[in-house]
Structure formats: C-alpha cells, structure tokens
Amino acid sequence: MKGLHLTADLYRCRCDPAWLTDAVRLGAWCLAAVESVGLEAVQHLFHTFPAPPEGPGGVTATVLLAESHVCLHTWPQDRSVTCDVYVCNSSGDHSARARELMAALVQRFQPEWTEQRSLDRGEDA
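Okay, so the sequence shown: first residue is 181 according to this note's numbering, each after it adds one.
Written as structure tokens, this is what we have:
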C-alpha cells in the first residue's frame with residue numbers, strides 16, 4: 181500500500197470567484213487536470229452546498245482515480261480551498277504525477293499563500 185499523500189491549504193485565492201462556487205465548472209477542470217498529468221479518473225462527484233448567510237455555498241469536488249483520489253473543498257466566503265491528492269504506488273510510482281497535479285491545483289486558485297504537506301504512506305515491501 182505504498183503511496184504519496186499531498187495536502188494543500190490555500191488562502192486568499194485570487195482566482196475568478198466562480199472557481200470557488202461552480203461545481204460543474206470546477207469538476208470539468210479537475211477531470212481535465214487529472215487526464216493532463218497522466219492519471220486515470222474512474223468516477224467523480226461534484227457538489228455545490230447551499231449558500232450560508234455570509235455568502236455563496238462552497239463546492240466539494242472528488243475524483244476517484246485508478247491510482248487513488250483527488251478531493252477539493254472550497255470556502256468562497258474566506259476565498260480558501262483545501263486540496264488532497266493521494267496516489268498509491270503499487271502499480272508503479274505515480275508520485276511525480278501527483279506533484280504535478282497538486283501544482284496545477286494551486287495555480288488554478290492563485291492563493292496569496294499556501295500550507296502544503298507531503299506524507300509517504302505505507303512501508304517498503
């Protein structure tokens with residue numbers, strides 16, 4: 181079950197606000213980004229939450245990958261996003277693709293700053 185788990189918390193995103201509120205738009209872009217780095221989407225779910233009193237509802241975008249998953253959660257009222265990319269490396273090392281996908285996600289939202297983490301999962305056989 182060896183793999184790589186990347187997370188990023190994105191703050192004060194300067195992207196078009198629709199990227200934080202439009203599940204269809206964000207989802208289509210996520211699928212294209214997954215394909216562009218050479219990962220394989222096998223299923224997906226894109227959901228816009230009802231608007232709270234303080235502004236528009238956020239989005240959860242989840243893409244199940246043959247290699248594992250990518251998941252985004254947006255908070256438009258804060259202009260923030262959390263990103264999660266996990267790849268298992270049992271059928272080959274997908275780490276470079278995961279890092280390329282995370283870089284594309286960060287670039288899409290144009291945050292003023294990020295907090296990123298990388299975790300190697302599992303043990304060597």
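No residue lacks a Cβ here, since even glycine has one placed at the ideal position from N, Cα and C.
Of the other Cβ atoms in all chains shown, fewer than 16 fall within 10 Å of the Cβ of tryptophan 293; this residue is therefore exposed. The region 208–226 and the region 237–246 touch, with three or more beta-carbon pairs separated by less than 8 Å. From the listed residues Gln223, Lys182, Glu295, the smallest Cα separation to cysteine 193 is found for Glu295.
In the DSSP secondary-structure assignment, histidine 274 is not bridged to any residue. Nearest Cα to valine 214 within the set Gln290, His274, Asp300: His274. By the criterion of a C-beta distance shorter than 7 Å, phenylalanine 289 is surrounded in its chain by Leu190, Cys193, Cys195, Trp199, Val261, once the five residues flanking it on both sides are discounted.
Valine 265 is classed as buried because its beta carbon has at least 16 other beta carbons within 10 Å across all chains shown.
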